[in-house]
Every structure is written in C-alpha cells, then in structure tokens.
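*Asks:* Mind having a look at this structure? Questions to follow.
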Amino acid sequence: MSRSFLDAHVPELVKKLKVEEKIALLSAPNWWNTTPIERLGIPSIRMSDGPNGVRGSSHFVPTPAQCMPCATALASTFDPALVKRVGDFLAQEAKLKSSVILLAPTCNIQRSPLGGRAFESFSEDPHLSGTLAAAYVQGLQSQGVAATIKHFVANDQEDERTAADSVMSARALREIYLYPFMLAQKQAQPAAFMTSYGRVHGVHCSENKELLTNILRKEWNFAGIVMSDWFGTYGVDLAINAGLDLEMPGPPRWRTLPLVLHCLSSKKLTMATIDERVTSLLTFVQQQARKNIDVVFGDGAERSRDTPETRKFCRQIAAEGIVLLKNEGNILPLVRTSPLNIAVIGPNVKERVISGGGSAALKPTYVITPWDGITESAPAGSTVHYHIGCYGHKYLPTLENNLKTPRGDPGWLCTFFAHDEHGEISYPVQQFILNDTRVKLNDFLPQGLTPTWSIKLEGKLTLDKTCLFEFGLTVAGRAKLWIDGLLLIDNWSKQTPGDFFYGQGTVEEKASINVQAGKSVDVFVLYTNTPPPDGDDENGEGRLSQPALMRGVRLGGCEKIDEDDAITEAVSLASQVDAVVLVGGLSPEWESEGFDRPSLRLPGRQDELFARIARANANTVVCIQAGSAVSMPWVDEVKGLLQTWYSGNEAGNAIADVLFGKVNPCGRLPLTFPARIEDVPAYLNHRSENGKIHYREDLFVGYKHYQARRISPLFSFGFGLSYTKFSYSNLAISFSPFSDAKSLHLDLTVTVRNEGDRTGSDVIQLYVSMPDIGFTMPKLQLKGFAKVHHLVQGESANVTIHLDKYAFSFWDESNEAWHIAAGKYGLHVGPSSDNLLLHCSFESSDSFLWSGL
1276 MSRSFLDAHV
1286 PELVKKLKVE
1296 EKIALLSAPN
1306 WWNTTPIERL
1316 GIPSIRMSDG
1326 PNGVRGSSHF
1336 VPTPAQCMPC
1346 ATALASTFDP
1356 ALVKRVGDFL
1366 AQEAKLKSSV
1376 ILLAPTCNIQ
1386 RSPLGGRAFE
1396 SFSEDPHLSG
1406 TLAAAYVQGL
1416 QSQGVAATIK
1426 HFVANDQEDE
1436 RTAADSVMSA
1446 RALREIYLYP
1456 FMLAQKQAQP
1466 AAFMTSYGRV
1476 HGVHCSENKE
1486 LLTNILRKEW
1496 NFAGIVMSDW
1506 FGTYGVDLAI
1516 NAGLDLEMPG
1526 PPRWRTLPLV
1536 LHCLSSKKLT
1546 MATIDERVTS
1556 LLTFVQQQAR
1566 KNIDVVFGDG
1576 AERSRDTPET
1586 RKFCRQIAAE
1596 GIVLLKNEGN
1606 ILPLVRTSPL
1616 NIAVIGPNVK
1626 ERVISGGGSA
1636 ALKPTYVITP
1646 WDGITESAPA
1656 GSTVHYHIGC
1666 YGHKYLPTLE
1676 NNLKTPRGDP
1686 GWLCTFFAHD
1696 EHGEISYPVQ
1706 QFILNDTRVK
1716 LNDFLPQGLT
1726 PTWSIKLEGK
1736 LTLDKTCLFE
1746 FGLTVAGRAK
1756 LWIDGLLLID
1766 NWSKQTPGDF
1776 FYGQGTVEEK
1786 ASINVQAGKS
1796 VDVFVLYTNT
1806 PPPDGDDENG
1816 EGRLSQPALM
1826 RGVRLGGCEK
1836 IDEDDAITEA
1846 VSLASQVDAV
1856 VLVGGLSPEW
1866 ESEGFDRPSL
1876 RLPGRQDELF
1886 ARIARANANT
1896 VVCIQAGSAV
1906 SMPWVDEVKG
1916 LLQTWYSGNE
1926 AGNAIADVLF
1936 GKVNPCGRLP
1946 LTFPARIEDV
1956 PAYLNHRSEN
1966 GKIHYREDLF
1976 VGYKHYQARR
1986 ISPLFSFGFG
1996 LSYTKFSYSN
2006 LAISFSPFSD
2016 AKSLHLDLTV
2026 TVRNEGDRTG
2036 SDVIQLYVSM
2046 PDIGFTMPKL
2056 QLKGFAKVHH
2066 LVQGESANVT
2076 IHLDKYAFSF
2086 WDESNEAWHI
2096 AAGKYGLHVG
2106 PSSDNLLLHC
2116 SFESSDSFLW
2126 SGL
C-alpha cells in the first residue's frame, strides 16, 4: 500500500471511491482486519482480542502472548496509575502482533457474580468501572493503539445475549450502565466503541440510534468509529442509519453489495449516510496508520516477547490485585523461624488457570502454576507436599503436554482434507502441528478447501501413571475419537447440545480405557464441518443441525479417580503437616463468554474438601482462583483466605509472594461477595424471560442493594485486609464558590498513617450521600478513591481526592438531564463501604441541570 494515504484528504478520498468500494469498507474481509482498497492506497489495519492480553489473529495457531490479570483483579488494585501502565504494556503487545486496535476494555456492570463474562468487567460500581476503564484507554492510546471500549451497553449476562431486551429505567441506564462509558469518554476519548449483542428499550444496540447517535456522538461528542460485536449485526439499513460504522467479522453477512444496493434503491439508505459512515471509518484508519506507520505498513508478522522485565511487571500486577479476606491469628504470611512442612492441596494447584474463557482467552508465553510458585518461594529447607483432593473441572483437562506427533514432535498433527462430489474425504490440503487439543477453526481455513471438509488429528499419548483414563470429546461440527484403532467416542451420529464454543457445540461425550505408564496409545480424531442430520439432537430442537458460525473440536482427558478415596487421602495428608494451602475455584470452562454460571457453588466436591481439610488442620489457608464471587460455606472454619482472581502468566508467583510475605496484600474487593445467591440484587431477574431481562433492582446494584436492604454480605465492597494497620485523621474539604455545575470542584484531604510494623499500601474510599429531595437514592455511592503506596511503619501521607459535578448529580428523567439538587451532601471516608470512619458535609444552595459531558 502507498503511504500517500497518510496525507490524503479524507472527504476527497470518499469522492474517489466507487459505490462497491464504499460498501466494502463498512465491513471486513476476514475475522480481524479492515478492508483495504489497493486502487487508492487505503491499507488494512488489524485488530485483536482482548482485555487481559493480545491474542493475535489466529485461534487455530495462536502466537503466544503475555496474559495479564483479569479485569476484576485489575479493579482490585483501585489504582488508575497502575491500570494505565497495563494499557501501556498491552499496547506494546498489540504492536508485536501487528495490531493497532485492541478490543478492550470491557466495562459492563457486574449485576450478578453468575454472569459468564463477569471476570472481564471491572466492578459492580459505575464510578470505579469508568475511572479504571479511562485509565486503561489512556494507557493504550498513549502508545498509539486504539482502544475499543465494550460492550455498549448492558451486556451484563450471557443468557440469550443476542436477542434479549434489557428492560430498565432511564435513571438506571444513565447512572449505572452508561455511566462507565461516559466517564471513559469524558476522561480518555476511546477511539472506538463496540456495541452490545442485545437490545435496550426493545432495539438492538447495533441498530439503536438513540445510543449510537444521540447519546454517544451528539451528547458525548464521540468522534471515533462504532463497530459491532462479532456477528452482532442483524440487518442492513437499521444499523447503518443508527450509526454503526463497521460490521464485524468478515466476510460480511449483511453489508454485501446486493443487499446494500437494494436498500439504496428502495431509499432505506441514502448515499449521504453511506458517505458519513465511510468518512468515519477512513478517518479512523488514517489516524491509526499515522500513529503506527511501521506496524500498518510492516511485514504483518506476529511476535512474542518474554523478558525478565515483562515477567517482573506481570508478577507485580498480579500480586497487587490479590485480596486478603481473612487472616485469623495472623496465620499469614507463612513465615516461621524454622523450615515449613506444608501441604498444597486442591484441583487448581497444578492447573494453568490464568484467565476466564471465550474471547479473553489466549495462548500464554509461559505459565507459573500455584505449585510452581509455592515450591520455588517456600522458605529454604521447607517440605512441600501435594495432593489434588478432588477435581473441579467442567471439561476434562486438555492433553497437549502429553501428546507427540507420529514423528515425535510435541503436539499432534492436524491435516485438512477436501471432499469429493459425494461429500467424502478426497485429498489432503495442508498440515499443521498443533500444541493445543482445543482446535478452533472459526478464524482460519487453508486455501483449497471445498465447502464441506474434514480434518484428521493424530498423536501418540503417553502418561507417567498406569490408570483408568477418561477421554472427553466436544465438538461444534461432527467428530469421532479412536484410541489404538478402536472407536471410543462417537460425537457424530447423535449429539446433545451444550455450551461449547459460545453455545454452538455439544456436551462433552466421555469414555474410559486402561493405560499403562510409559506406553503410548495412538490418538485419532476425525472432524467434519458438516452438521448432523436434522433432528438428531436429543432435545429434538434441531439446533445442532443449523450451519454453525463457530467450528471446532476439543479433546480432554485425565485419570478417573475415586473422589471418596482422594478426599480421604488429602485429609490424612493435611493432618500430618504444619499448615495447608488449598488452591481451588473456577476455570475458563466455568466462567466464559457464551453462558452464565449455574450457581455460586464451587464445582465438584471442593466445598466438602475444604471443610474436611480445615477440620483436620487448624492452620488452613484457602486461595480462590475465580473472576467473581463464589459461595464459601467453609469460611468460618479456615484461618486464612485469599481471593486471587485469574492472575495471568504469573499467577503462581503472585500467590506465593503474598503467602510468604514478599508482598503485603493491598487489594480491595471491586464487588460485593454475597453470603448466598438469594441476596444478590439481580436474583430472580438474571435470566431472559420471554426475550426480556428485567433490571428490577434498578439503581440498587451491588453494595447499594445490601445497604438499602440491610443485608449482611459475606464480604463487603471495597473490603480487603493487610499485614499492617492504617489510621485516618484530619479530614478536610476545600472548594471555591461556584455559579454553575461546570465550575463545581471540591477537594477532600485526609491523613493516612501506617500504625503497624510492616510497610504497606492502602486504599482510601470516599462515598457520597445525597440530600432527601423526594427521589429514591442509594444510601451511599462511591465517588472518589485514592491509593497510598509503601508507607513504612509510623509514616503518614496526606491524600487528596478530587470531586466534580458528577459526584453530586442524578439523572432527572423529567428534564432528561443531569441534576444537582440544592441541599446537604454527606462525604464519608474509610477503608471499605461498610467501614467509614470519617464524615463531613458539603452544601449546595442552588440546583443545576445540564446535558452532555
């Protein structure tokens, strides 16, 4: 492509485009790129997922990447400066993948911990979410990489996500769900917005002119592009007229030449609107090309990096997000004058649980498991024992670490085959060696395939233990598994719908065989993209007989254990050591895009395992790896509890750093942990009913609900312990007289002192209470926070929190404007939402209304 595009005048360029070229620009040629127009030197620019790492442009043969902690972990830092550094880091990662657009951050609201993508969103609180989203965007865009903030708006659960209408009041829409996007636009100006899959007020967000044009562009002065989520465009004219610039992914389903020309000829679309969308798109492409000349006009290669510096940074971020929830008797840190004799028990100890599933998942450059981190960091001379205790997986673990190709290379051999005119396998097209038994085929197919095609996957599986081994085969398409030439699993002839691959695949079909240690078995999987015969799924719904947007197959397996015996063995081990570290929680199969969690419970028999271990050893510490809250019926029986989230590549080291005291924990909960599912504000209103999701909790999301209903949560929003103690004093406010909302600025200052004997960091939280003017208001709302770092014993710091007009406003439905009412506003400061130590007030003698930012 010619670099003359960099200096081109976009309106003149639009005039030179042919109609078919304009239409092509408003969609994509493939999964990850914008459309190039070679005739005019217009380049293609590349985008990539996702919020906790830059995957690159292939699910099939992914380029390894650094995996950062998930959004809830980042939010637990309560540290915008640190989150901005994460944005800086991910921008560098994006450029290594030849990408100049990152599909992140996600700043939807955690209505319920059961939301499948809860781990991708920062918080239940709109102010915390918006402030951190803005910092993330600032970091990305300071390095020239465009942020694509998502999902605009109300993609807060996965149930019927492409169809359901989010039914809510205008106040809830403005004060809760649009608020984080508004803050990000006000403070950071994201270059792109991605629309939500679902509907708001009955209209799909990608077709919602009120959202995309009236609010986003006119009211908030957004000047970037709006793109759909993948397959989140549902028609031609409505989306274009509403303000959706780009249909993703490609090849397009709707913005094809015949369909758009038909809408033009019928006057459902005008060329003026097409030109407006094209101008927006080209302006965006030109801006990104100017900022990233070497990337856009580079070789297109995808690269990885793994340096001591990047590892240190990832380890720091992961540790800073860990939240210490319980530390009875100061059991933590695990530091003794003599070597430790400890047991590390649980289903996640040796598993690579670093991220949630779906579009956030990626292939990491490396993984430090909890076992790796703990054994490496334990005090010299310590003895560290291991037992799995029980399983916690949903799908059987992947097998790539135990597979070799027929020629002896790590992984397994994948061969693509074309079909003949009868639909039978004909000739090979291309071969690959894959190092993952999750084979996703949605964004890559080799050239030369026929419309229907097959792949053969071959490898030799060798285990280090003689055992009864269970295999599991899951598919979007059709597949069969043979072991040593014998058909073991048929997920081909008859299928049961499941949630695999965003709900377009099957359940996991399982079967077991006996294997001998050190003796390899031949593994052979045959996959075809053809759907099963109509009506063959067990539910009789024919869902699996429809052509799938997603294609793929997954092979898993593990030893089939007797969990009664396993738990008994783990309890016996626990009774013989000084202390026990339990590591459990969820995994990418339980928390993922495409479906919501079925319950708050830990999967498998983890609750039983944890309770029995705690009774066997009084010095038990639990580490939970999860992106949101889980129930904890054993919480009163354990002495120590860490919420470690999904912490990325360095998960194991970060956990060890906190366990052994190298890091003093300073994370705070960005969401309320409920004692039971019935206490969750969205309880009974989380799923779609007749195509509608009712947001009946209205403004009372998260801690606002618990305070209003006087419900005691398991752990409160903003809560988190430290290995030291802090005191607060000298609360003061300062502000100048103001004549309008724009000039309202208030500073609150407080002194924080480290009263303990360890260096530590603290988060100061400021909540505002509104005057009683006859409107329903939450009791307290987080409107400011600040973090002090590394205060040594006896050291004090003066902290200032700045507030503007939004700290004192609500959405006035009758005036369709933001409203500051005359009256007295309370300011409450403390270390968490239920522990506010200092109070003062501020009074406005006048009322103010405004719209816009």
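Here our numbering is used: the first residue of the sequence shown is 1276, the next is one more, and so on.
The C-beta atom is built at its ideal place from N, Cα and C for all residues, glycine as well.
Does the stretch 1371-1386 touch the stretch 1319-1330, meaning 3 or more C-beta pairs lie closer than 8 angstroms?
*Replies:* Short answer: they touch.
*Asks:* Pick helix, strand or coil for N1496, following the three-state DSSP scheme.
*Replies:* Here N1496 sits in coil by DSSP.
*Asks:* Ignore the nearest five residues each way along the sequence and tell me which others in D1684's own chain have a CB closer than 8 angstroms to its CB.
*Replies:* Closer than 8 angstroms at the Cβ level, and outside the excluded window around D1684, lie I1708.
*Asks:* Quick check on the burial criterion: 16 or more other C-beta atoms within 10 angstroms. Buried or exposed for N1516?
*Replies:* Its Cβ being crowded by 16 or more others within 10 Å, N1516 is buried.
*Asks:* State yes or no: is the C-beta of A1751 within less than 7 angstroms of the C-beta of R1826?
*Replies:* Yes.
*Asks:* Under 7 angstroms, do K1372 and V1329 count as touching if we go by C-beta distance?
*Replies:* Yes, the pair counts as a contact, with Cβ atoms nearer than the cut-off.
*Asks:* Please give the ranges of any beta strand (DSSP E) in the stretch 1896-1949, keeping only runs that are unbroken, at least 3 residues long and fully inside the region.
*Replies:* Taking only runs of at least 3 residues, the beta strand (DSSP E) segments lying wholly in the stretch 1896-1949 are 1915-1918.
*Asks:* Who are the near neighbours of T1727 in its chain, counting only those whose CB is closer than 8 angstroms to its CB and skipping five residues on each side?
*Replies:* Cβ within range, chain order: H1694, G1698, T1803, N1804 and T1805.
*Asks:* Which one or two residues does DSSP pair with Q1705 in a beta bridge?
*Replies:* Its beta-bridge partners are F1691.
*Asks:* Please report the distance separating the alpha-carbon of A1350 from that of S1398.
*Replies:* Rounded to whole angstroms, A1350 to S1398 spans 7 angstroms at the Cα level.
*Asks:* Can you find the residues in the same chain that come closer than 7 angstroms, C-beta to C-beta, to L1513, ignoring five residues on each side of it along the sequence?
*Replies:* Around L1513: E1482.
*Asks:* What separation, rounded to the nearest whole angstrom, lies between the Cα atoms of L1415 and L1884?
*Replies:* Looking at the two C-alpha atoms, the distance is approximately 43 angstroms.
*Asks:* Comparing C-alpha positions only, which one of R2033, V1955, I1500 and E1603 sits nearest to N1894?
*Replies:* Residue E1603 is the option with its Cα nearest to N1894.
*Asks:* Could you name each continuous beta strand (DSSP E) segment of 3 residues or more that falls completely within the stretch 1618-1672, going from the start of the chain to the end?
*Replies:* Qualifying beta strand (DSSP E) stretches, in chain order: 1658-1662.
*Asks:* Taking buried to mean at least 16 other C-beta atoms within 10 Å of its own C-beta, is T2024 buried or exposed?
*Replies:* Exposed: under 16 other Cβ atoms inside 10 Å.
*Asks:* Just to confirm my understanding: we take L2111, look at its own chain, exclude 5 residues before and 5 after, and list those with CB closer than 6 angstroms. What are they?
*Replies:* Closer than 6 angstroms at the Cβ level, and outside the excluded window around L2111, lie H2103 and G2105.
*Asks:* Consult DSSP for D1811 and reduce its assignment to one of helix, strand or coil.
*Replies:* At D1811 the pLDDT is 45, less than 50, meaning the model places this residue with poor confidence and gives no usable figure here.
*Asks:* Between the stretch 1494-1509 and the stretch 1539-1550, are three or more C-beta pairs nearer than 8 angstroms?
*Replies:* With the cut-off at 8 angstroms, the stretch 1494-1509 and the stretch 1539-1550 do not touch.
*Asks:* Counting only runs of 3+ residues fully inside the stretch 1997-2084, write out the beta strand (DSSP E) ranges in chain order.
*Replies:* If we require 3 residues or more, the beta strand (DSSP E) runs fully inside the stretch 1997-2084 come out as 2001-2010, 2021-2029, 2035-2044, 2056-2066 and 2071-2078.
*Asks:* Which one of W1646, H1334, M1443 and K1291 has the shortest CA to CA distance from D1261?
*Replies:* Since the first and last residues shown for the chain are 1276 and 2128, residue 1261 lies out of range.
*Asks:* Any idea which residues DSSP pairs H1969 with across the strands?
*Replies:* Paired residues: V1442.
*Asks:* Given S2129, which residues of its chain have a CB within under 7 angstroms of its CB, disregarding the five upstream and five downstream residues?
*Replies:* No answer is possible for residue 2129: it lies beyond the span of the chain, which begins at 1276 and ends at 2128.
*Asks:* DSSP state of P1401, grouped into three classes?
*Replies:* In the structure shown, P1401 sits in a helix (DSSP, three-state: H, G or I).
*Asks:* DSSP on V1714, reduced to helix/strand/coil?
*Replies:* In this structure, V1714 counts as strand in the three-state DSSP scheme.
*Asks:* Starting from the N-terminal side, write out each stretch of the beta strand (DSSP E) that is 3 residues or longer and does not extend beyond the stretch 1717-1763.
*Replies:* You should have 1728-1736, 1742-1751 and 1753-1758.
*Asks:* If you draw a straight line from the C-alpha of R1818 to the C-alpha of G1780, how long is it?
*Replies:* Any reading at R1818 needs caution, since the residue's pLDDT is 45, under 50, leaving its predicted position unreliable; the model's value is listed next. Cα to Cα, the separation comes out at about 9 angstroms.
*Asks:* Quick check on the DSSP output: the alpha helix (DSSP H) that includes F1588 runs from which residue to which?
*Replies:* Unbroken alpha helix (DSSP H) run through F1588: P1583 to G1596.
*Asks:* Kindly provide the ranges of any beta strand (DSSP E) runs that are 3 or more residues long and lie completely inside the stretch 1463-1545, ordered along the chain.
*Replies:* Qualifying beta strand (DSSP E) stretches, in chain order: 1467-1470 and 1500-1502.
*Asks:* Kindly list the residues whose CB is nearer than 6 angstroms to the CB of Q1821, restricted to its own chain and excluding five residues on each side of it in sequence; keep chain order.
*Replies:* Confidence is the limiting factor: at Q1821 the pLDDT is only 43, short of 50, which leaves the residue's position unreliable, though a coordinate-based value still follows. Same-chain partners within the cutoff: there are none.
*Asks:* Can you tell me where the alpha helix (DSSP H) with G1362 in it begins and where it stops?
*Replies:* P1355 to L1371 is the span of the alpha helix (DSSP H), which, as asked, contains G1362.
*Asks:* Put T1310 into one of helix, strand or coil per three-state DSSP.
*Replies:* Three-state DSSP puts T1310 in coil, outside helix and strand.
*Asks:* Does the stretch 1768-1786 touch the stretch 1728-1738, meaning 3 or more C-beta pairs lie closer than 8 angstroms?
*Replies:* These segments do not touch.
*Asks:* Is L1300 helix, strand or coil when you go by DSSP?
*Replies:* If DSSP states are grouped into helix, strand and coil, L1300 belongs with the helices.
*Asks:* With A1410 and P1355 assumed to form a contact (beta carbons below 8 angstroms), what rounded beta-carbon distance in angstroms separates them?
*Replies:* 4 angstroms between Cβ atoms; contact.
*Asks:* In this structure, does DSSP put S1387 in helix, strand or coil?
*Replies:* Here S1387 sits in coil by DSSP.
*Asks:* Which residue marks the beginning of the beta strand (DSSP E) containing K1979, and which one marks its end?
*Replies:* Per DSSP, K1979 belongs to no beta strand (DSSP E); it is in the alpha helix (DSSP H), Y1978 to R1984.
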